[in-house]
Amino acid sequence: MLHVDPIFAATSALPSGAAAPAVAAGPETLPPPFTISALVTETRLDSWLALGLVLAAGLYLYGVHRLRARGDRWPVTRTIFFLGPGLGGIALVTVTGLHAYDTALLSVHMVQHMVLSMVAPIFLALGAPMTLALRTLPQRPRKRLLAIVHSRIARVYSFPLVAFAIFVVNPFVLYFTDLYRYTLEHAWAHELVHAHFIMTGCVFFWPLLGLDPLPGRWPYPARALLMLLSVPFHTVLGLTIMQSSTLFGGDWYPSLRLGWADPWDDQVLAGGILWAGGEFVSVTMLAVLVAQWVRQSEREARRIDRELDRQEARERAAGSPA
Numbered sequence: 140m141l142h143v144d145p146i147f148a149a150t151s152a153l154p155s156g157a158a159a160p161a162v163a164a165g166p167e168t169l170p171p172p173f174t175i176s177a178l179v180t181e182t183r184l185d186s187w188l189a190l191g192l193v194l195a196a197g198l199y200l201y202g203v204h205r206l207r208a209r210g211d212r213w214p215v216t217r218t219i220f221f222l223g224p225g226l227g228g229i230a231l232v233t234v235t236g237l238h239a240y241d242t243a244l245l246s247v248h249m250v251q252h253m254v255l256s257m258v259a260p261i262f263l264a265l266g267a268p269m270t271l272a273l274r275t276l277p278q279r280p281r282k283r284l285l286a287i288v289h290s291r292i293a294r295v296y297s298f299p300l301v302a303f304a305i306f307v308v309n310p311f312v313l314y315f316t317d318l319y320r321y322t323l324e325h326a327w328a329h330e331l332v333h334a335h336f337i338m339t340g341c342v343f344f345w346p347l348l349g350l351d352p353l354p355g356r357w358p359y360p361a362r363a364l365l366m367l368l369s370v371p372f373h374t375v376l377g378l379t380i381m382q383s384s385t386l387f388g389g390d391w392y393p394s395l396r397l398g399w400a401d402p403w404d405d406q407v408l409a410g411g412i413l414w415a416g417g418e419f420v421s422v423t424m425l426a427v428l429v430a431q432w433v434r435q436s437e438r439e440a441r442r443i444d445r446e447l448d449r450q451e452a453r454e455r456a457a458g459s460p461a
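In this note's numbering, the protein residues as written are 140 to 461.
Written out as structure tokens, the structure reads:
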């Protein structure tokens, strides 16, 4: 049975000779035009992802509370990054009414793709949740977490070249095979793709921009080069989608018979979103990486200056009696 969100229940008949797809039961009405108000009216709070977001936010805030209760400091910016663009970004494209259109408009799906795989993981990494956990967990859970972080599997998947390959190859496998059509037909597969986007983004951006302690982290020049290499990938994928002579998902989108959206125009818009959005995010994050590099260089310079001052003071103290 094909998966259509409740707002997209059964649609009108196909032209003669075309095989009519089986659609979820419901009132035989066409999907309403996409509007901003639908982001509120179609919001759902009963999904497993909504529960996971609330749980993650609660655990993070509890960790911050424990640190402050014992007099330790936790940067406010990290909390804002993790809860705002991080978890909030995921909620924006999966919990609000935007989710109701993700199987009817490829452009909406591409917005989800961008946020879940690029925007949200970056700010989750800048929130440093692993560092927070290591500073607040009891001794035994902390040792287990460290064992996971330094395990062989974690070392392999966090290695920048492996993460880069996963990040680049996955979209091509999804969109240029029958897998994408399968995710449109099955709700569980569609939700699994959302989770996969988040995991892929975290695997790629955490070693590059994250503040958590990870094994085998590359120096900043190599990280900047890898980030720069990711920019053309979005251009190629976006232009390929825009210039494709076939519709992604086969006859799925035409079968919905949306009178207010043309599948071909929407596919061009989807490619443009991926192209422009990918380049903007990549260049912006490259700037963030360079800023981190500059701050680290300044800290290292101050450390060297302090060491030289201490050495000079010791030499003066040793020469005073003479």
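Each residue gets a CB set at the ideal place from its N, CA and C atoms; glycine is no exception.
- Under the three-pair Cβ rule at 8 angstroms, the stretch 268-275 does not count as touching the stretch 228-235.
- Closest option to Y392, judged by alpha-carbon separation, among G197, T385, T218 and P402: P402.
- About 7 angstroms separates the Cβ atoms of Y199 and L222, confirming a contact at the 8 angstroms cut-off.
- Here H204 is exposed. Its C-beta has fewer than 16 other C-beta atoms within 10 Å.
- L413 places its beta carbon less than 7 angstroms from that of L376.
- A direct Cα-Cα distance of roughly 18 angstroms separates H238 from M257.
- For R438, the number of other beta carbons within 10 angstroms of its own is below 16, and it is reported as exposed.
- In the three-state scheme derived from DSSP, where H, G and I count as helix and E and B as strand, S383 is classed as coil.
- For the 7 angstroms CB-CB criterion, R283 and P354 do not form a contact.
- For R396 and L244, the gap between their C-alpha atoms comes out near 12 angstroms.
- With respect to the 7 angstroms criterion, S246 and D405 are classified as neighbours on the basis of their beta carbons.
- In terms of Cβ geometry, Y319 and F387 form a close pair [threshold 7 angstroms].
- Restricting attention to R212, P268 and A196, the CA atom closest to the CA of P352 is found in P268.
- Where M257 is concerned, there is no enclosing alpha helix (DSSP H), because DSSP gives it neither an H nor an E.
- In this structure, DSSP gives L184 a state outside helix and strand, which the three-state scheme calls coil.
- Contact check for I261 against L348 passes: the beta carbons are separated by less than 7 angstroms.
- Separation of H373 and V312 (C-alpha to C-alpha, rounded to the nearest whole angstrom) is 14 angstroms.
- Per DSSP, reduced to three states, the secondary structure at I337 is helical.
- Unbroken alpha helix (DSSP H) stretches of 4 residues or longer found wholly inside the stretch 284-310: 291-297, given in chain order.
- With contacts defined by Cβ atoms closer than 7 angstroms, F336 and L263 do not form a contacting pair.
- Rounded to whole angstroms, the separation of the alpha carbons of I287 and Y359 is 24 angstroms.
- Sequence-distant partners of A426 (beyond 5 residues in either direction) whose C-beta falls short of 8 angstroms from its own C-beta are missing from its chain.
- With contacts defined as CB atoms closer than 7 angstroms, G225 and G197 fail to qualify as a contacting pair.
- The straight-line gap separating the alpha-carbon atoms of S176 and V433 is approximately 43 angstroms.
- Note that the C-beta distance between L428 and M366 is below 7 angstroms.
- Sequence-distant partners of A195 (beyond 5 residues in either direction) whose C-beta falls short of 7 angstroms from its own C-beta, in its chain, are L226.
- DSSP places G236 in no alpha helix (DSSP H); its state is neither H nor E.
- Exclusion of the five residues before and after G411 leaves G377 and M381 as the residues of its chain whose Cβ lies within less than 7 angstroms of its Cβ.
- When DSSP assignments are scanned along the stretch 379-430, the uninterrupted stretches of alpha helix (DSSP H) that are 4 or more residues long and fall wholly within it turn out to be 391-395.
- Taking C-beta atoms under 8 angstroms as the contact rule, F173 and Y240 qualify, at a distance of about 6 angstroms.
- Around V307, the same chain offers S369 and F372 as residues with beta carbons nearer than 8 angstroms, after the five sequence neighbours per side are excluded.
- Look at P172 here: in three-state DSSP terms it is coil, with no helix or strand label.
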